[in-house]
Every structure is written in C-alpha cells, then in structure tokens.
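Peer 1:
2 protein chains.
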Amino acid sequence: MPDTSLIHLLIRKLENFAELTEEEKRALHDAAGPVRSYGSHEDLIREGEQASGVAVVLSGFACRHKMLPDGRRQIIGYFLPGDMCDARVFILKKMDHTISTLAPSSVTTLSREAVLDITSRYPRLTRAFWWNTLVEEAIGRQWLVSIGQRTALERVAHLFCEIYVRLQSVGLATPEGCELPVTQSELADTVALSTVHVNRTLKELRRVGLVSMSSKSLAIHDFAGLRALAMFDPGYLHLEGEGLIKDRYAHTMLRTS
Amino acid sequence: MPDTSLIHLLIRKLENFAELTEEEKRALHDAAGPVRSYGSHEDLIREGEQASGVAVVLSGFACRHKMLPDGRRQIIGYFLPGDMCDARVFILKKMDHTISTLAPSSVTTLSREAVLDITSRYPRLTRAFWWNTLVEEAIGRQWLVSIGQRTALERVAHLFCEIYVRLQSVGLATPEGCELPVTQSELADTVALSTVHVNRTLKELRRVGLVSMSSKSLAIHDFAGLRALAMFDPGYLHLEGEGLIKDRYAHTMLRTS
DNA sequence: CTGAAGTATTAACCCATGTTAATCACCCGG
DNA sequence: CCGGGTGATTAACATGGGTTAATACTTCAG
Numbered sequence: 001m002p003d004t005s006l007i008h009l010l011i012r013k014l015e016n017f018a019e020l021t022e023e024e025k026r027a028l029h030d031a032a033g034p035v036r037s038y039g040s041h042e043d044l045i046r047e048g049e050q051a052s053g054v055a056v057v058l059s060g061f062a063c064r065h066k067m068l069p070d071g072r073r074q075i076i077g078y079f080l081p082g083d084m085c086d087a088r089v090f091i092l093k094k095m096d097h098t099i100s101t102l103a104p105s106s107v108t109t110l111s112r113e114a115v116l117d118i119t120s121r122y123p124r125l126t127r128a129f130w131w132n133t134l135v136e137e138a139i140g141r142q143w144l145v146s147i148g149q150r151t152a153l154e155r156v157a158h159l160f161c162e163i164y165v166r167l168q169s170v171g172l173a174t175p176e177g178c179e180l181p182v183t184q185s186e187l188a189d190t191v192a193l194s195t196v197h198v199n200r201t202l203k204e205l206r207r208v209g210l211v212s213m214s215s216k217s218l219a220i221h222d223f224a225g226l227r228a229l230a231m232f233d234p235g236y237l238h239l240e241g242e243g244l245i246k247d248r249y250a251h252t253m254l255r256t257s
Numbered sequence: 001m002p003d004t005s006l007i008h009l010l011i012r013k014l015e016n017f018a019e020l021t022e023e024e025k026r027a028l029h030d031a032a033g034p035v036r037s038y039g040s041h042e043d044l045i046r047e048g049e050q051a052s053g054v055a056v057v058l059s060g061f062a063c064r065h066k067m068l069p070d071g072r073r074q075i076i077g078y079f080l081p082g083d084m085c086d087a088r089v090f091i092l093k094k095m096d097h098t099i100s101t102l103a104p105s106s107v108t109t110l111s112r113e114a115v116l117d118i119t120s121r122y123p124r125l126t127r128a129f130w131w132n133t134l135v136e137e138a139i140g141r142q143w144l145v146s147i148g149q150r151t152a153l154e155r156v157a158h159l160f161c162e163i164y165v166r167l168q169s170v171g172l173a174t175p176e177g178c179e180l181p182v183t184q185s186e187l188a189d190t191v192a193l194s195t196v197h198v199n200r201t202l203k204e205l206r207r208v209g210l211v212s213m214s215s216k217s218l219a220i221h222d223f224a225g226l227r228a229l230a231m232f233d234p235g236y237l238h239l240e241g242e243g244l245i246k247d248r249y250a251h252t253m254l255r256t257s
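Line order of the protein sequences matches chains A and B.
If you use the UniProt record's numbering, the first sequence corresponds to residues 1 to 257, in order.
If you use the UniProt record's numbering, the second sequence corresponds to residues 1 to 257, in order.
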C-alpha cells in the first residue's frame with residue numbers, strides 16, 4: 001500500500017468543484033500508484049514520449065515547458081501540489097511538451113487502467129476531472145493574455161496572484177504568503193522576460209510594498225494592491241464550487257460507447 | 001432541412017483523424033442546426049454567457065479573444081472553415097472569453113442534444129471530437145511559445161504557416177496561398193504587436209520574398225523558407241491521420257455513466 | 001571551513017518594438 | 001462623381017525590456 005496520504009490535496013482541490021463521497025475519495029486513494037520522489041529539475045515526461053498514466057503532484061512544484069530548436073524556452077503551465085495532468089494525456093501518441101520538476105517533488109501516477117475504472121464507475125469524479133481540465137485551459141488562456149498584453153510588472157503580479165490563490169485553494173497559503181520554490185530565471189521563462197528584468201521587476205514590487213520574494217517563498221504584503229495592479233480576476237479558476245456542471249444530462253456527454 | 005452542405009469541411013477536417021462511415025457523416029449532417037450568416041465583427045458568444053451548443057464555422061473566419069479592463073485585447077485562437085468549438089463548451093456555466101467573426105461567416109450549431117446523441121451513438125465520432133479538442137489545446141501552447149519567445153518576424157511567419165497548413169487540411173489552400181480576411185490590426189492583436197510593427201514585419205516578409213499579404217489574402221512565395229524562419233513544425237496539428245487513439249480501450253475513457 | 005556552482009543584484013548600454021501622427025488608398029452609399 | 005470612413009503605410013521619435021558583464025550571495029559537498 002503506497003503512502004498516498006498527500007493525495008488528500010488532490011481531493012481537496014477537486015472538492016472545489018463538488019463534494020465527493022467517502023467512496024469516491026477511497027477510490028482515488030486506491031487508484032494512486034507508488035509515490036516517486038524527484039529532485040529539482042528532473043523530467044517526468046519528455047516531449048515525444050507517450051504518457052503512461054496521469055501524474056499527480058503531491059508536493060513540490062513542476063511545470064510544462066517547450067523549447068525552440070535554438071534553446072529559447074517557454075514554461076507553459078505550473079503543477080502545484082494537488083494538481084493532476086489532464087486525464088486524457090495518455091490518449092495522445094506523443095507529448096508535445098515536457099513536464100519537469102522545478103523543486104524536489106513527490107509524484108504519484110494514476111495508471112491508465114485506474115483512470116478508466118474510476119471514470120466508468122464514478123460520474124461525479126469524472127466530472128471533477130473535466131472541471132480540472134477546463135480550469136487548466138482557462139489558465140492557459142490567461143497566460144496568453146498576460147504575455148501578450150500585460151507589462152512586465154502586471155505580468156509578474158498576475159502570476160503571483162494566480163499561484164497564491166491556487167495554493168490557497170489547497171490550504172498551502174497563509175495570509176502572509178506561500179512557498180514559491182522557483183528561480184528568477186525560471187520565472188523569466190514563465191513570464192517571457194529576461195532574468196535581469198525579472199529581477200528589476202521584483203525589486204519594484206518590493207519597493208511599492210506589494211510582495212517580496214525571498215529564496216523559495218513569496219511574502220504577500222498587499223494582496224488587494226497586487227490584484228489591482230495585475231487586473232487579476234480569480235473567476236477563471238472556478239474555485240467557488242459553483243457547480244460548473246449542473247445539468248443532469250451533462251454526465252452523458254462524450255460518452256463514447 | 002437546413003443547407004449544411006458546407007459541413008463537409010468539418011467532416012474533412014475530422015477525417016484527418018480517422019475515416020468516418022457514411023452513417024457517421026450523415027449523423028453530422030443531421031445534427032447541424034440552421035445555418036446563420038454573420039457579417040464581419042459580430043459576436044457569436046460573449047464572455048459571461050453560457051453556450052447553447054457547439055458552433056461550427058462553415059465559411060469565413062472567426063476568433064476567440066479576451067479583453068483587459070482597459071481595452072487591451074488578445075486574440076487567443078482562430079476558427080477557420082470546418083473548425084468547431086470544443087464539444088464541451090456547454091458544460092461551462094459561463095464563457096471566459098468572447099467568440100466573434102473576423103469576416104463574414106456562416107455558422108451552424110450542433111445543439112446540446114445533438115451532441116449528446118452523437119457521442120452516445122458513435123464512439124469514433126466522439127474520439128474525433130476529442131482529437132479536435134486536443135489539437136486546439138496544442139495550438140494554444142504553440143501560441144504561448146510564439147508570443148513568449150519568438151521575435152516579431154518569427155511570430156508572424158509562424159502564424160502564417162499554421163493558418164496555411166490548417167486551411168490546406170480542409171482543401172482551402174492552393175500552392176500559391178490562401179484567404180486571410182484579417183486586418184493588420186487584428187493580426188496585431190493576435191501576435192501581440194502594434195499595428196505599425198505588424199506593417200513593418202509584413203513589409204520585411206515581402207522584401208525577403210517569403211510571403212505577401214494583400215487585402216484579404218496571403219500569397220505564399222517560399223513556404224520552406226517561411227517554415228524555416230518560423231521554426232514551424234506541423235506535428236502539433238496532428239494532421240497525419242496518425243491514429244492518435246489507437247487503444248481499443250480508449251473509447252471508454254471518461255465515460256461518466 | 002573551503003571552494004565551486006548556481007543564483008541574485010546592479011550598472012551601462014543597446015535595440016526591438018511601441019507611439020504619434022500624417023498621408024495615402026480603397027470601398028461604398030448616395 | 002463625391003464624401004466619409006476604415007485600413008495601410010511611413011517617418012520620427014520614445015521607451016520597455018534585452019544584453020553584457022561585473023560583483024556578491026547562498027548552498028552544499030567534501
């Protein structure tokens with residue numbers, strides 16, 4: 001029996017969408033494979049490979065990223081504790097991007113069979129997986145808007161707001177701040193700025209009293225101000241248990257057999 | 001019986017994923033609601049509204065876009081003829097972005113009921129819908145990389161490559177080029193540049209003999225060169241009928257009942 | 001405790017892209 | 001054929017953010 005105690009973070013996250021029964025929670029526990037520990041900057045899945053199951057980050061930080069042939073790199077998403085990959089990953093023949101840890105992390109995997117089993121037995125869990133995917137896509141759209149339209153200061157502020165709220169939703173943030181075990185140069189690859197300019201931007205955010213980022217953690221001094229600066233509207237994270245899927249027919253959607 | 005003859009473009013597109021039977025094609029035809037014609041710059045669905053069905057663009061051009069409170073706008077995806085929205089749109093309680101036409105377009109809608117019916121009866125069609133969604137997400141990731149890491153010239157070149165190949169896949173491109181009924185300022189909102197710089201960039205692409213964009217159409221003079229400049233690798237469009245989903249179990253995935 | 005490697009910070013300078021604003025070209029309704 | 005509006009093009013100038021490079025801090029293995 002693997003130690004999957006930390007899977008409660010995934011459960012907690014999914015419960016932002018809908019309450020789960022004890023049975024459903026148990027099913028998630030049982031579905032989890034062994035927990036593997038990774039150091040910083042190890043690859044979970046590489047571009048071109050086929051995913052063998054759905055990864056769930058239990059602790060630590062990971063990210064999706066893509067590189068251009070000449071080495072320029074863009075981070076296209078973060079995995080925080082409790083986050084899982086899209087439940088459809090293993091449909092794809094090959095990954096079009098790489099997933100790597102940013103910090104030492106523990107990760108478990110829901111095997112293909114376990115996911116198929118769960119989704120055939122627990123409609124509500126399945127819907128929660130959908131919700132998870134939809135939120136991830138909405139986050140991607142926000143990142144596009146940020147990188148395309150926001151200034152450096154707004155961009156970094158927006159990212160900080162998002163991470164803070166996401167960590168809050170799984171109980172990993174305090175009013176004072178949260179962990180952020182990410183290097184300035186990784187931040188740079190995330191918000192599409194140079195390291196030097198990220199440094200300047202952090203300095204400015206500190207100067208105006210909004211946040212300060214020390215080694216591996218983020219201190220939030222004025223969330224309202226940060227939010228205003230970033231034009232951050234948390235709606236896209238759908239964390240209100242808002243019953244995304246209320247329709248009683250929705251559960252049949254895209255059934256394929 | 002609505003005139004949905006143009007739905008063959010959707011069929012043609014889906015057949016990039018897998019061959020469809022006559023019955024499946026007929027089902028798609030029958031599922032289509034009335035065709036509506038839109039002029040330029042009309043909204044199909046607005047941010048905050050709930051989608052009532054899955055839109056399919058039969059002719060013309062449309063896009064997804066988001067605006068910041070102060071008016072800055074980012075286009076986050078294009079709908080070309082034959083493209084359909086994610087089959088899950090109507091799960092969401094509210095859209096987090098707006099979909100509008102860029103040019104006069106005709107659009108049909110697969111109602112919620114029609115989609116549920118199709119997906120419950122035709123597993124292969126359902127898988128084709130999945131494929132469609134997965135490709136759209138991969139496109140989103142590419143855009144993030146483009147806007148984050150590519151220079152203005154590379155960015156515009158990459159967008160042109162993508163549009164050209166996508167139109168090709170539904171038979172709407174010739175060796176000489178394709179339609180592109182998009183304004184320079186819309187292009188600017190797409191690639192996150194100013195209109196002036198888009199103009200400079202187009203001039204440069206013309207000067208070096210790669211493409212020229214005249215009113216509403218794109219002439220491709222040297223696709224290989226364009227592709228090299230953009231570092232464009234069409235793999236992410238999954239147009240090879242590569243059997244994304246080969247696994248005979250995959251069709252049960254995420255069944256929710 | 002020491003050295004090496006990675007990370008952060010800063011300053012100086014540069015350039016890709018933004019801004020403003022003028023002019024031109026085109027289209028379309030009357 | 002005229003007039004007005006939208007879109008394209010250019011020039012001149014401004015600037016946000018990139019680059020380079022020097023220095024300092026942190027971490028950690030030994």
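Note that beta-carbon positions come from the ideal geometry of N, C-alpha and C, so glycine has one too.
Taking the C-alpha atoms as reference points, what is the distance between B:S214 and B:A224?
Peer 2: Taking the first residue of the second sequence as position 1, residue 214 of chain B is located at position 214. Taking the first residue of the second sequence as position 1, residue 224 of chain B is located at position 224. Cα-Cα distance, rounded: 20 Å.
Peer 1: Could you pull the start and end residues of the alpha helix (DSSP H) that A:K66 belongs to?
Peer 2: Here residue 66 of chain A refers to the residue found at position 66 of the first sequence. That residue, A:K66, is in no alpha helix (DSSP H); its beta strand (DSSP E) goes 62–67.
Peer 1: Just checking: is the beta-carbon of A:G209 within a distance shorter than 8 Å of some beta-carbon in chain B?
Peer 2: Locating residue 209 of chain A in the first sequence gives position 209, counting from the first residue. No, because no Cβ of chain B sits closer than 8 Å to the Cβ of A:G209.
Peer 1: Shorter than 8 Å from the beta carbon of A:I99 to some beta carbon of chain B?
Peer 2: For the purposes of this step, residue 99 of chain A is identified with residue 99 of the first sequence, where counting begins at 1. Not closer than 8 Å to any Cβ of chain B, the Cβ of A:I99 fails to qualify, so no.
Peer 1: Which of helix, strand or coil does DSSP assign to A:Q74?
Peer 2: Along the first sequence, read from residue 1 onward, the residue named residue 74 of chain A stands at position 74. Shown here, A:Q74 sits in a strand according to DSSP, grouped into three states.
Peer 1: Inspect the beta-carbon positions of A:A51 and A:V89 and report whether they are closer than 8 Å.
Peer 2: The count along the first sequence starts at 1 and reaches residue 51 of chain A at position 51. The count along the first sequence starts at 1 and reaches residue 89 of chain A at position 89. Taking 8 Å as the cut-off, the beta carbon of A:A51 is found closer than this to the beta carbon of A:V89.
Peer 1: In this structure, how does DSSP classify A:T108 when only helix, strand and coil are distinguished?
Peer 2: The residue labelled residue 108 of chain A in the question sits at position 108 within the first sequence. In the three-state scheme derived from DSSP, where H, G and I count as helix and E and B as strand, A:T108 is classed as strand.
Peer 1: Have a look at B:T101, B:L92, B:L205 and flag the residue whose alpha-carbon is nearest the alpha-carbon of A:Y236.
Peer 2: The residue labelled residue 236 of chain A in the question sits at position 236 within the first sequence. Considering only alpha carbons, the answer is B:L92.
Peer 1: If we define contact as Cβ-Cβ less than 8 Å, is B:G140 a contact residue for chain A?
Peer 2: Here residue 140 of chain B is taken as the residue at index 140 of the second sequence, counted from 1. When Cβ-Cβ separations below 8 Å define contact, B:G140 makes contact with chain A.
Peer 1: For a quick check, are the C-beta atoms of A:Y122 and A:E19 less than 8 Å apart?
Peer 2: Against the first sequence, residue 122 of chain A aligns to sequence position 122. Against the first sequence, residue 19 of chain A aligns to sequence position 19. Not a contact, by the Cβ cut-off of 8 Å.
Peer 1: Mind listing the chain B neighbours of A:D43? Cutoff is C-beta to C-beta under 7 Å, in chain order.
Peer 2: Translated into positions along the first sequence, residue 43 of chain A becomes position 43. Simply none; closest approach about 17 Å.
Peer 1: B:E24 versus chain A: which residues are under 7 Å apart at the beta carbon?
Peer 2: Here residue 24 of chain B refers to the residue found at position 24 of the second sequence. Within 7 Å Cβ-Cβ: nothing; B:E24 doesn't reach chain A, min ~13 Å.
Peer 1: Can a CB atom of chain A be found closer than 8 Å to the CB of B:I11?
Peer 2: Residue mapping note: residue 11 of chain B aligns to position 11 of the second sequence, counting from 1. Not an interface residue.
Peer 1: Let me see if you follow: with CB-CB separation under 8 Å, is A:K66 close to chain B or not?
Peer 2: The residue given as residue 66 of chain A occupies position 66 in the first sequence. Output row for A:K66: interface = yes.
Peer 1: Measure from the C-beta of B:M213 to each C-beta in chain A and report whether the shortest distance is under 8 Å.
Peer 2: In the second sequence, the residue the question calls residue 213 of chain B occupies position 213. No, B:M213 does not count as interfacial toward chain A.
Peer 1: Using 8 Å as the limit for Cβ to Cβ distance, is A:L144 near chain B?
Peer 2: Taking the first sequence and counting its residues from 1, one reaches residue 144 of chain A at position 144. Closer than 8 Å to some Cβ of chain B, the Cβ of A:L144 qualifies, so yes.
Peer 1: Could you work out which residue in B:L44, B:G33, B:L153, B:A27 is closest to B:F79 when comparing CA atoms only?
Peer 2: The residue you call residue 79 of chain B lines up with position 79 of the second sequence. The option with the nearest alpha carbon to B:F79 is B:L44.
Peer 1: Which chain A residues are close to B:I147, counting only those with a beta carbon under 8 Å from its beta carbon?
Peer 2: Counted from its first residue, the second sequence places residue 147 of chain B at position 147. Within chain A, the residues near B:I147 are L144, I147, G148, A192.
Peer 1: Please name the residue, chosen from B:E162, B:A192, B:P34, that lies closest to B:H65 on a Cα-to-Cα basis.
Peer 2: The residue labelled residue 65 of chain B in the question sits at position 65 within the second sequence. Looking at the Cα atoms, B:A192 is the closest of the given residues.
Peer 1: Can you name the residues of chain A whose CB is closer than 7 Å to the CB of B:P69?
Peer 2: Walking along the second sequence from the start, residue 69 of chain B turns up at place 69. The answer, in chain order, is M231.
Peer 1: Taking only beta-carbon atoms, is B:R72 less than 8 Å away from chain A?
Peer 2: Along the second sequence, one-based indexing puts residue 72 of chain B at 72. Yes, B:R72 counts as interfacial toward chain A.
Peer 1: Are any of the Cβ atoms in chain B nearer than 8 Å to that of A:D96?
Peer 2: Position 96 of the first sequence, counting from 1, holds the residue named residue 96 of chain A. Closer than 8 Å: yes.
Peer 1: Can you tell me whether A:E186 is buried or exposed, with buried defined as 16 or more other CB within 10 angstroms of its CB?
Peer 2: As a working mapping, residue 186 of chain A is identified with position 186 in the first sequence. Only buried fits A:E186, as 16 or more other CB atoms lie within 10 angstroms of its CB.
Peer 1: Classify A:A228: buried if its beta carbon has 16 or more other beta carbons within 10 angstroms, exposed otherwise.
Peer 2: Counted from its first residue, the first sequence places residue 228 of chain A at position 228. A:A228 should be labelled exposed.
Peer 1: Can you confirm whether A:Y236, when its beta carbon is compared against all beta carbons of chain B, has any partner nearer than 8 Å?
Peer 2: Locating residue 236 of chain A in the first sequence gives position 236, where the first residue counts as 1. It does; some Cβ of chain B falls within 8 Å.
Peer 1: Compare the Cα-Cα distances from B:S40 to each of B:A27, B:A62, B:A55 and report the closest residue.
Peer 2: By one-based count along the second sequence, residue 40 of chain B stands at place 40. The shortest Cα separation from B:S40 among B:A27, B:A62, B:A55 belongs to B:A62.
Peer 1: For A:R88 and chain B, any beta-carbon pair shorter than 8 Å?
Peer 2: Within the first sequence, numbered from 1, the residue matching residue 88 of chain A stands at position 88. Answer yes: the Cβ-Cβ gap between A:R88 and chain B drops below 8 Å somewhere.
Peer 1: Find the residues of chain B that neighbour A:I76, judging by a C-beta separation of less than 9 Å, and give them in chain order.
Peer 2: Indexing the first sequence from 1 puts residue 76 of chain A at position 76. The contacting residues are G140, R141, L144, V145, G148.
Peer 1: Would you identify the three-state DSSP class for B:Y249, choosing helix, strand or coil?
Peer 2: As a first step, residue 249 of chain B is located in the second sequence; it is residue number 249 there, counting from the start. Caution is warranted here: a pLDDT of 43 is assigned to B:Y249, below 50, making its placement in the model unreliable, and the coordinate value is therefore given only provisionally. Assigned with DSSP and collapsed to three states, B:Y249 falls in coil, not helix or strand.
Peer 1: Are the C-beta atoms of B:E137 and some chain A residue less than 8 Å apart?
Peer 2: Along the second sequence, one-based indexing puts residue 137 of chain B at 137. Chain A contact via Cβ: present.
Peer 1: With a CB to CB cut of under 7 Å and the five nearest residues on each side skipped, what residues in its chain are close to B:D222?
Peer 2: Numbered from 1 along the second sequence, position 222 holds the residue referred to as residue 222 of chain B. So the list reads G209, L210, once near-sequence residues are dropped.
Peer 1: Decide if A:R166 is buried, meaning its Cβ has at least 16 other Cβ atoms within 10 Å, or exposed.
Peer 2: Here the question's residue 166 of chain A lines up with position 166 in the first sequence. Burial call: buried.
Peer 1: Give the DSSP-derived three-state secondary structure of B:A152 in the structure shown.
Peer 2: For the purposes of this step, residue 152 of chain B is identified with residue 152 of the second sequence, where counting begins at 1. DSSP places B:A152 in the helix class (H, G or I) of the three-state scheme.
Peer 1: Would you mind working out which of B:V196, B:G171, B:A173, B:T174 sits nearest B:T183, comparing C-alpha positions?
Peer 2: Position 183 of the second sequence, counted from the start, is the residue given in the question as residue 183 of chain B. For the options B:V196, B:G171, B:A173, B:T174, the alpha carbon positioned closest to that of B:T183 is the one of B:V196.
Peer 1: Could you check which residue in B:T174, B:E179, B:P181, B:T190 has the C-alpha nearest to that of B:A152?
Peer 2: Locating residue 152 of chain B in the second sequence gives position 152, counting from the first residue. Minimum Cα distance to B:A152 is reached at B:T190.
Peer 1: Going by C-alpha distance, which of A:P81, A:C178, A:L125 is nearest A:T21?
Peer 2: Reading the first sequence from its first residue, position 21 is the one you call residue 21 of chain A. Residue A:L125 is the option with its Cα nearest to A:T21.
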